[in-house]
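If you count the sequence shown from 1, position 66 lands on 66 in full-length UniProt numbering, and the numbers rise without skipping. All residues carry an ideal CB built from backbone N, CA and C; glycine is no exception. Note that this is a predicted model, so its numbers are computed, not measured. Report on the structure given below.
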Amino acid sequence: MRLLCAMAAALGLDIHQIDYETAYLNAGLKNQIYMLPPDGMDLLGHDLLPDDALELMLALYGLKQSGHEWHRVLKEALGKIGFCPSDIDPTMFIRDGEASAILLVYVDDILVLAPPGGAVESVKKELLTLFKGTDLGPAHHCLGIRIVQDKERGTITLDQERYAEEVLARFGFSTSNPTSTPLCSKKALRKASEGDIRCDPSIYRAIVGCLAYLAQGTRPDLAFAVSTLGKFSSDPTEEHMEAAKRVLRYIRGTTGAKLTFGGDRSEEGVEGYVDADWAADRDDRRSTSGFVYTMAGGAVSWGSRKQGAVALSTAEAEYVAAGVAGREALLLSGALAAAGKELGTVTINCDNQAAIQLVKNPCYEHSTTILKGETSLDPSVMDDAYIQHSLSSS
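What follows is the structure, encoded as structure tokens:
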């Protein structure tokens, strides 16, 4: 969604939204499924014997296959009006030609990207002839994320301010004193030892889960903190709980944080930044990869992931991180290409010259060979000018 919002801001597209009513009930079932009628159900004058059951004909809410059956029916219906699913993301549908448009589907919520004016209205009318639904007009909320389209400034902003406030209220931090950073850089967290005091794991996991939803939606500044806290979810201590509460206090001072695309920063290219903290995990000395990609002035993709092997140098840690970022660059490029926008070369900024040379040079020394599989990025990709690495300052 972030990537398409950035593209819409850069190209001046409108984003509208429709909602299909009781979407699952539009799909039939391929499997034979029987059910017992609930008490009080009107059987339209039919009498059932004690051993009788009813055959279910439609994809009832609660069935594990209902989502799949609805997507199958929706895909077939959209195909009849010219929309094809993307190879990169099966929830993104594209229609080329004079009536070009892009759809982003989440169950029964459909985001429609099309040129402003009659084009977007025409697409919505077509969609509402397929199934019963409601035209919600310009998109304003999707998956708990607020969408604000400012036509005068040419910007699109995304935020989760309401959800952040709900999280603070849920855990009693609405009036807490804010902190300036999510985690304390002077104190590294470690796994629980025998003498450590444990906290309530259900509360800890609830906090981390709420933070993860923010981090995955519109808050790249929380990605590393959530990744760190998540490592201790199985056996959290009071120290871990204090770290989680610190993140809540950080959110207290940043509830209004937004992603803004377009405006004066409406460049259409994608640029990435990658880094790694070498051997920072005090328990196993593995490093963490971090990356962020921007387009039209705002972040469209990011991640903070612990590496699978122990890097023997900063160059190795940065090399693995570059591989992680490179795979993400290929996905972003593929998604935009499917939407009709060719990116050309994607620049990934890295602050380690040795790592850049390792990426560009397919000849690996013995110590870095063990990390080659973890990067899973063919050096020929660099030769084909899909990705270009650039040295940047820390």
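Among the residues of its own chain, which have a CB less than 6 Å from the CB of A385, if the five just before and after it don't count?
Summary for A385: the model assigns pLDDT 41, below 50, so the residue's position carries little reliability, and this model does not support an answer.
Entirely within the stretch 14-91 and at least 4 residues each: give me those alpha helix (DSSP H) ranges in chain order.
66-80
Report the option in N361, V359, A339 and Q357 whose CA atom is closest to the CA atom of R95.
A339
Taking the CB atoms as reference points, tell me whether V226 and L211 lie closer together than 8 Å.
yes
Runs of 4 residues minimum, wholly inside the stretch 157-189: which ones carry the alpha helix (DSSP H) assignment?
161-170
Contained alpha helix (DSSP H) runs [length at least 4] in the stretch 220-269, N- to C-terminal order
223-230 and 238-252
Assigned secondary structure, P115 (DSSP; H/G/I helix, E/B strand, else coil)
coil
Through-space distance from G230 to A325, alpha-carbon basis
21 Å
Give the DSSP bridge partners of M7, in chain order.
Beta-bridge pairing links M7 to no other residue.
Among residues of its own chain, excluding the 5 on either side of R2, which ones have a beta-carbon nearer than 6 Å to its beta-carbon?
V300
List in chain order: all unbroken beta strand (DSSP E) runs of 3+ residues lying wholly within the stretch 325-359.
346-350
Hey, would you say A329 sits closer than 8 Å to I356, going by beta carbons?
no
Please return the same chain residues whose Cβ sits closer than 6 Å to the Cβ of W302, not counting the five positions on each side in sequence.
P220, A223 and V292
Which first and last residues belong to the alpha helix (DSSP H) in which S202 is found?
P201 to G217
Counting pairs of beta carbons, one from the stretch 249-266 and one from the stretch 153-171, are three or more of them closer than 8 Å?
yes
For K124, which of helix, strand or coil comes out of DSSP?
helix
Here's the rule I'm using: 16 or more other beta-carbon atoms within 10 Å means buried, otherwise exposed. How should Q307 be labelled?
buried
Less than 6 Å between C-beta atoms, sequence neighbours within five positions excluded: which residues of the same chain meet that for A188?
R282
Per DSSP, what kind of secondary structure is G323 in: helix, strand or coil?
helix
For A9 versus T218, is the C-beta distance shorter than 8 Å?
no
So, helix, strand or coil for G144, using DSSP?
coil
Within this structure, are the beta carbons of W70 and A6 separated by less than 8 Å?
no
Alpha-carbon spacing of K30 relative to A59, whole angstroms:
9 Å
CA nearest to the CA of I15, picked from V208, G256, R198 and D135
D135
Are the CB atoms of A335 and I81 within a distance shorter than 8 Å?
no
How is I370 classed by DSSP in three states: helix, strand or coil?
Caution applies to I370, whose pLDDT of 49 falls short of 50 and renders its modelled position unreliable; the value that the coordinates give is listed next. I370 falls in the helix class under three-state DSSP.
Pull up the CB-CB distance for V270 and M241, whole angstroms please, since I reckon it's below 8 Å.
In fact, because the Cβ distance is near 38 Å, the residues do not count as touching under 8 Å.
Range of the contiguous beta strand (DSSP E) that encloses R305
G298 to K306
Determine the DSSP secondary structure at A101, reduced to helix, strand or coil.
strand
Looking only at its chain, what residues have a beta carbon closer than 6 Å to the beta carbon of S193, apart from the 5 residues adjacent to it on each side?
none
Rounded C-alpha distance that separates G40 from M57:
20 Å
Find out if the Cβ-Cβ distance for the pair L11, A114 is shorter than 8 Å.
no
Is A315 near N361, with beta carbons less than 8 Å apart?
no
Would P90 be called buried (16 or more neighbouring beta carbons within 10 Å of its own) or exposed?
exposed
List the endpoints of the continuous beta strand (DSSP E) containing S289.
T288 to M295
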